[in-house]
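Trainee:
Residue numbers (the working numbering): 54 to 219.
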């Protein structure tokens, strides 16, 4: 029996792809990681429903192209998602941070924001408030014996918010 551990979507139109995968997910074993790079999408739920259907534990979201006006929050609903990595420009990461909601991602323990397009924007108070609230949310949801981390990286600078388990 062959097990699929990673699925990468590179420059795929998720508007057409995700319904087919969601319908056939029961035929596949859970995957460890899903990578999205340069994909086209209308709504964030196309990514999160796909990750939930595939029971993926890790989602890596590289710059993707929105084809619609996104007004709803970026909701990570995947109950299996433990690790989330968002890569892109600071402008894209800050835009995403204004609208995220992690309230249904019950297993999420590690979030990373990374960019190689400049230094850390330490003056962006709105972004840092949202990062702090995300870290607090993760800490309240995960038991004290488990590790929780939020990592922000730009070029060679890094900020890590961490709570180590017992």
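Each residue gets a CB set at the ideal place from its N, CA and C atoms; glycine is no exception.
1. Less than 6 angstroms between C-beta atoms, sequence neighbours within five positions excluded: which residues of the same chain meet that for residue 115?
2. Can you give the Cα-Cα distance for residue 166 and residue 184, rounded to whole angstroms?
3. Can you find the residues in the same chain that come closer than 6 angstroms, C-beta to C-beta, to residue 70, ignoring five residues on each side of it along the sequence?
4. Apart from the five residues just before and just after residue 58, which ones in its own chain have a Cβ nearer than 8 angstroms to its Cβ?
5. Roughly how many whole angstroms lie between the Cα atoms of residue 68 and residue 209?
6. CA-CA distance, residue 62 and residue 106?
7. Going by the DSSP bridge assignment, what does residue 202 pair with across the sheet?
8. What residues in its chain sit with their C-beta under 6 angstroms from that of residue 138, if we drop five residues either side in the sequence?
Mentor: Taking the coordinates as given:
1. Numbered from its first residue, the chain shown carries residue 115 at position 62. Only 90 and 140 meet the Cβ criterion.
2. By one-based count along the chain shown, residue 166 stands at place 113. By one-based count along the chain shown, residue 184 stands at place 131. Spanning the two alpha carbons is a distance of roughly 10 angstroms.
3. As a first step, residue 70 is located in the chain shown; it is residue number 17 there, counting from the start. Correct list: empty, nothing qualifies.
4. Within the chain shown, numbered from 1, the residue matching residue 58 stands at position 5. Only 84, 85 and 86 meet the Cβ criterion.
5. Within the chain shown, residue 68 is the residue found at index 15, counting from 1. Within the chain shown, residue 209 is the residue found at index 156, counting from 1. Rounded to the nearest angstrom, the two C-alpha atoms are 36 angstroms apart.
6. Locating residue 62 in the chain shown gives position 9, where the first residue counts as 1. Locating residue 106 in the chain shown gives position 53, where the first residue counts as 1. Distance between the alpha carbons of residue 62 and residue 106 is about 15 angstroms.
7. Along the chain shown, one-based indexing puts residue 202 at 149. According to DSSP, which records beta bridges pairwise, residue 202 is partnered with 163 and 215.
8. Residue mapping note: residue 138 aligns to position 85 of the chain shown, counting from 1. 113 and 165.
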